[in-house]
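If you're matching them up, the sequences are chains A and B in order.
As numbered in this note's numbering, residues 1 to 520 make up the first sequence, in order.
As numbered in this note's numbering, residues 1 to 343 make up the second sequence, in order.
Every residue, glycine too, gets a C-beta built ideally from N, C-alpha and C.
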Amino acid sequence: MTGALNVLTFVNNKYTNIKNRQAALGGNVGVLLKVEGLKKSFGGIAALRDARFELEAGSVHALCGGNGAGKSTFLSILMGIYRRDAGKIWRDGREVEFGSPAEALAAGIAIIEQELSPVPHMTVAENIFLGREPPGRFGGVDFRKMNAAAQAILDDLGFAIPVTQHMHGLSVAQMQLVEIAKALSHDAEVIFMDEPTSAIGEREAHQLFTVVRRLRAQGRGIVYVSHRLSEIFDVADHYTVFRDGAYVASGSLADVDRAGLIRMIVGREVSEEYTKVNTPTDEEGLSVAGLTSPGKIADISFTVRKGEIFGIYGLMGSGRSEIFDCLFGLDRSSKGAVKLFGKPVSLATPAQAIAAGVALVTEDRKLTGLNLSDSIRGNICVASLPELSPNFVVSAAREAAASRETIERFHIRAGRDTDLVSSLSGGNQQKVVLGKWFLRNPRMLLLDEPTRGVDVGAKREISRIVGDFAAAGGTVAMISSEIDELLGVADRIMVMRDGRAVGILDRSEANAEKLVHLSV
Amino acid sequence: MIHKENRAKSVQESSIKPHRAIGSGTLKRIAREYGIYLAFAILVIVLSFANQYFLTQSNISNVLLQTSINGVLAFGMTFVVITRGIDLSVGSVLALAGIVSSSFATTSSIAAVAGGPYPVFVALAIGVFIGAAAGAIVGVIVARFAVPAFVATLGMLSAARGLTLIYAGGRPVPALTPQFRWIGTGNLFGIPAPVIIFGAVFLFSWFVLSRTRFGRYVYAVGGNPRAAKTSGIDVIRIRFAVYVICGALAGLAGMLLAARTGSALTQAGIGYELDAIAAVVIGGVSLSGGVGRVTGTLIGALIIGVMNNGLDLMGIESYYQQVLKGMLIVGAVMLDQRGNQGE
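Here you go:
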């Protein structure tokens, strides 16, 4: 009994601690977290150039920015996952440097990540107290104390989740709530929430917002990261905008409207780094009608003409990549009518799609594009082996020739083509993936983020390759989360939101504001 | 094209960024690239000094003979391991194929199949077929139904042993025909028949893995199954095929063993899967797939054979041999892991 009482006092103490600290500051709201001039680059590519941020106690601060603005890098540095290259961080007025997530937690900073990481076969209480279980007799765990403490935290937050339930039996929304409880059980004063509503429904989201408001009332600072602007205006009071890895603006949300915030997120005018060389013909290339995959995309219809670059824009999780999965036979549950060059086709397996002249450059070259333990030559040739070596025995000479041709054609900077593909830079690796498909002389290109994580020079070359392909009468559908790139190369742009196509804009009428408006 | 050595090289290069690895980096690279051949050479040199009998023609022939059965199993295992799989059932499949094929090649009236003994090629075909069939069952379970290879082949390990005992009624199959026994005891140009078969299987495996389209696909599936799938490779078919090959070679090994001992035993091959896996692992084939060569496996099998033989010659008890083999396996993988770091 006394054990349970102790727990409750333990929980109550946390809140009084915070209140006392505020009282000590003379009732003034203090600055919980301050960041200046934060820099970080990966392999020569800057992810963060100059990040600035200031979080006050008792506020919900929205961190805004497009894909690639540097938000995740920023969070990772503050959580002690990445080391910063330059810049300063102050916590409660003291300069800090976190070497590990544990150190950040100890300083009262907790994060609720976009990707949840529950231990499925443990109970809710075990998950909340993972790694710091209250010790019992004989070196065991005091389960009664742990469950009571967990229950107290959940009750306090108003979450009706039994603490002895196993995690795998919970809904995604409930798991999210448990993650929040876990963050709070660390007595965190600064709480980062990274896209907390991306996986939960409307009702759970409102429950979450209630909790966020209660946390704010307790004097904590919440950093709220979300692409959904309506949510930001609903729950946050301050904003900071990042663009291209740098601080752009910050202020009170009361002083800004939706259009103004979008302008800050999108920023500069489209730069002139893209030269358009293709002109769409009147001939039909790819035609898709009523493409549906349960739970992923619904009723997608569009037509891409020969010689056209058809852009697809959408946030992560909007269903954009799933369209390509369906078209390339990677999604078995898909339905819909697909026509290639006027003829109905069945693309049930990748082999069928390839035979029909379709090529797919996937979003993540390391995960699905390349065999990293194989050589450059092996990767270039792997999709063309039946053509290069029609007999059972492979023809080393023809493979070498094909590899040499591809390397020259795409200006792949490689030592010997028998070196491992993983020894190349990101841009050159991506060109290997493109080269692999161009070797098959495709008629239809599906490009999913073809320039992600590559440097400016390689990006320009890839755009040139794709442009030339279309100019020669090829058909291209290209997904990108970079608005500039789409506006620069695409003839038309389809916008995806929540698994549906919400509009197709012509090149002449498309601009960054419209794309963002449609996508959120 | 695709070797562990290459991977080790890339680690070297990436850790030094734009400049190429020079100096001690290159030395380390060479040590890792040719480490296993070097280790084998040192082992042979040391043993040849330690025992004058070691390098005689009859002892070399003896080592190869002792290595041949494990070698045949290990070559089959190499195919499976490159696709990120494992086959624990080879020892049991060896026994099953040995017993069934022997029953077609025995002069014993109790154990023989009606109408036997059959010509030796009939018995051989049946043995290989039994092995391939067992591999096909495992292959379907692993490739089509996505059961982890460890579990599927553990099941086959038990089932095939049971089938062996059922088929033979728990008794060995004795009195094999001289023609059948020849594959285990015969000679051709002074070379023992099992050694010739061992060499032939090596050439076959080397050729298929490094010179055919199928071989490329085996590496592609092991290196990155998702990338292989998007490249239009039938991943399920490739996975299925490697278990069939591994099973067929286990069947062949079963007949070699039966022919050598003169009778097929129901308890043959117990624990053989471990030696086969050991040879593959020592030979530098990565259990995480996509990396490894048949020549590596060959050396791995020879290292085990030479070590056992050398310790025998020096009069060291076989119990110690097991301890040393254990250390060798773990040491080889530790080296492999160090090579992978930083990737």
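Given a cut-off of 8 Å on the beta-carbon distance, is the pair residue i and residue j in contact?
| i | j | result |
| --- | --- | --- |
| B/Gln321 | B/Leu311 | yes |
| A/Lys431 | A/Val382 | no |
| A/Ala254 | A/Gly290 | no |
| A/Leu170 | A/Val163 | no |
| B/Phe202 | B/Phe75 | yes |
| B/Gly131 | B/Ala250 | yes |
| A/Asp506 | A/Arg497 | no |
| B/Leu252 | B/Val128 | yes |
| A/Arg52 | A/Tyr239 | no |
| A/Ile312 | A/Met478 | yes |
| A/Ala470 | A/Ile309 | yes |
| B/Thr83 | B/Arg181 | no |
| B/Arg211 | A/Val358 | no |
| A/Gly80 | A/Glu103 | yes |
| A/Lys306 | A/Thr279 | no |
| B/Gly139 | B/Val244 | yes |
| A/Leu434 | A/Ser384 | no |
| A/Gly503 | A/Arg243 | no |
| B/Ile282 | B/Ile236 | no |
| A/Pro350 | A/Gly329 | yes |
| B/Val63 | B/Val294 | no |
| A/Ala183 | A/Ala110 | yes |
| A/Ile55 | A/Leu33 | Residue identity differs from the one stated: residue 55 of chain A is Leu in this sequence, not Ile. Contact: yes. |
With residue i as the anchor, note down where its beta strand (DSSP E) starts and where it stops.
| i | result |
| --- | --- |
| A/Leu38 | 31-42 |
| A/Lys335 | 335-340 |
| A/Ser59 | 59-64 |
| A/Ala303 | The sequence shown places Thr at residue 303 of chain A, rather than the Ala named in the question. Segment 297-305, the beta strand (DSSP E) holding A/Thr303. |
| A/Lys276 | Element bounds for A/Lys276: n/a, residue is neither H nor E. |
| B/Ala41 | Looking at the DSSP string, B/Ala41 is not in any beta strand (DSSP E); the run it does join, the alpha helix (DSSP H), is 35-50. |
| A/Met193 | 190-194 |
| A/Ile89 | 86-91 |
| A/Ala414 | No beta strand (DSSP E) contains A/Ala414, which DSSP labels as neither H nor E. |
| A/Glu513 | Unbroken run through A/Glu513 is the alpha helix (DSSP H), 512-519; no beta strand (DSSP E). |
| A/Glu50 | Inspection of the sequence shows that residue 50 of chain A is occupied by Asp rather than by Glu. That run of the beta strand (DSSP E) goes 45-56. |
Residue i versus chain A: which residues are under 7 Å apart at the beta carbon?
| i | result |
| --- | --- |
| B/Tyr219 | Asp374 |
| B/Ala227 | Thr368, Gly369, Leu370, Asn371 |
| B/Arg144 | None at all; the shortest Cβ gap to chain A is about 14 Å. |
Since residue i meets chain A, which of its residues come closer than 9 Å, beta carbon to beta carbon?
| i | result |
| --- | --- |
| B/Ala105 | Per Cβ cutoff of 9 Å: no residues; B/Ala105 is ~32 Å from chain A at best. |
| B/Val280 | Neighbours of B/Val280 on chain A: none; closest Cβ ~16 Å, over 9 Å. |
| B/Asn224 | Lys366, Leu367, Thr368, Gly369, Leu370, Asn371, Leu372, Ser373, Asp374 |
| B/Gly290 | Asn371, Leu372, Ser373, Asp374 |
Within the continuous alpha helix (DSSP H) that includes residue i, where are the two ends?
| i | result |
| --- | --- |
| B/Met314 | Taken as a continuous stretch (DSSP letters only), B/Met314 belongs to no alpha helix (DSSP H), as it is neither H nor E. |
| B/Tyr272 | 272-282 |
| A/Glu231 | 229-235 |
| B/Leu256 | 235-261 |
| A/Glu322 | 320-327 |
| B/Val370 | The structure shown does not extend to residue 370 of chain B, since chain B is modelled only from 1 to 343, so the question has no answer here. |
| B/Ala215 | Note that residue 215 of chain B corresponds to Gly in the displayed sequence, not to Ala. Taken as a continuous stretch (DSSP letters only), the alpha helix (DSSP H) holding B/Gly215 covers 213-223. |
| A/Ala152 | 143-157 |
| A/Glu103 | 101-106 |
So which residues on chain B does residue i lean against when the C-beta distance must stay under 7 Å?
| i | result |
| --- | --- |
| A/Thr362 | Thr230 |
| A/Leu385 | Arg213, Arg216 |
| A/Ile525 | Since the first residue shown for chain A is 1 and the last is 520, residue 525 of chain A is missing from the structure and cannot be characterised. |
Could you name the residues of chain B that residue i contacts, counting a contact when the two beta carbons are closer than 9 Å?
| i | result |
| --- | --- |
| A/Ser389 | Thr212, Arg213, Arg216 |
| A/Phe192 | The premise fails here: A/Phe192 is roughly 29 Å from chain B at the closest Cβ pair, so nothing lies under 9 Å. |
| A/Ala351 | Gly232, Ile233, Asp234 |
| A/Val338 | The premise fails here: A/Val338 is roughly 17 Å from chain B at the closest Cβ pair, so nothing lies under 9 Å. |
List, in chain order, every chain B residue whose beta-carbon is nearer than 8 Å to that of residue i.
| i | result |
| --- | --- |
| A/Phe392 | Thr212, Arg213, Phe214 |
| A/Ala107 | Within 8 Å Cβ-Cβ: nothing; A/Ala107 doesn't reach chain B, min ~30 Å. |
Practice item. Pick out the complete alpha helix (DSSP H) segments inside the segment 354-410 of chain A, 4 residues or longer, and give them in chain order. Key: 376-381, 385-388, 396-409
Check your understanding: Contact between the segment 176-183 of chain A and the segment 138-157 of chain A: three or more CB pairs below 8 Å?
Key -> yes
Exercise for review: Taking 8 Å as the threshold, find out whether the segment 255-262 of chain B comes into contact with the segment 51-60 of chain B through three or more Cβ pairs.
Suggested key: no
**Study point:** Cβ pair count under 8 Å reaching 3, the segment 208-227 of chain B against the segment 363-376 of chain A
**Key:** yes
Review point. Residue ranges of each alpha helix (DSSP H) run of no fewer than 4 residues wholly in the segment 417-502 of chain A, ordered along the chain?
Key: 426-438, 456-471, 483-489
Exercise for review: Would you check if the segment 33-42 of chain A and the segment 76-93 of chain A touch, i.e. whether three or more CB-CB distances between them fall below 8 Å?
Suggested key: yes
Check your understanding: Taking contact to mean at least 3 C-beta pairs separated by less than 8 Å, is the segment 414-432 of chain A in contact with the segment 223-238 of chain A?
Key -> no
Check your understanding: Would you say the segment 293-301 of chain B touches the segment 87-98 of chain B, given that touching needs at least three Cβ pairs under 8 Å?
Key -> no
Review point. Would you call the segment 216-225 of chain A and the segment 188-195 of chain A in contact, with 3 or more CB pairs under 8 Å?
Key: yes
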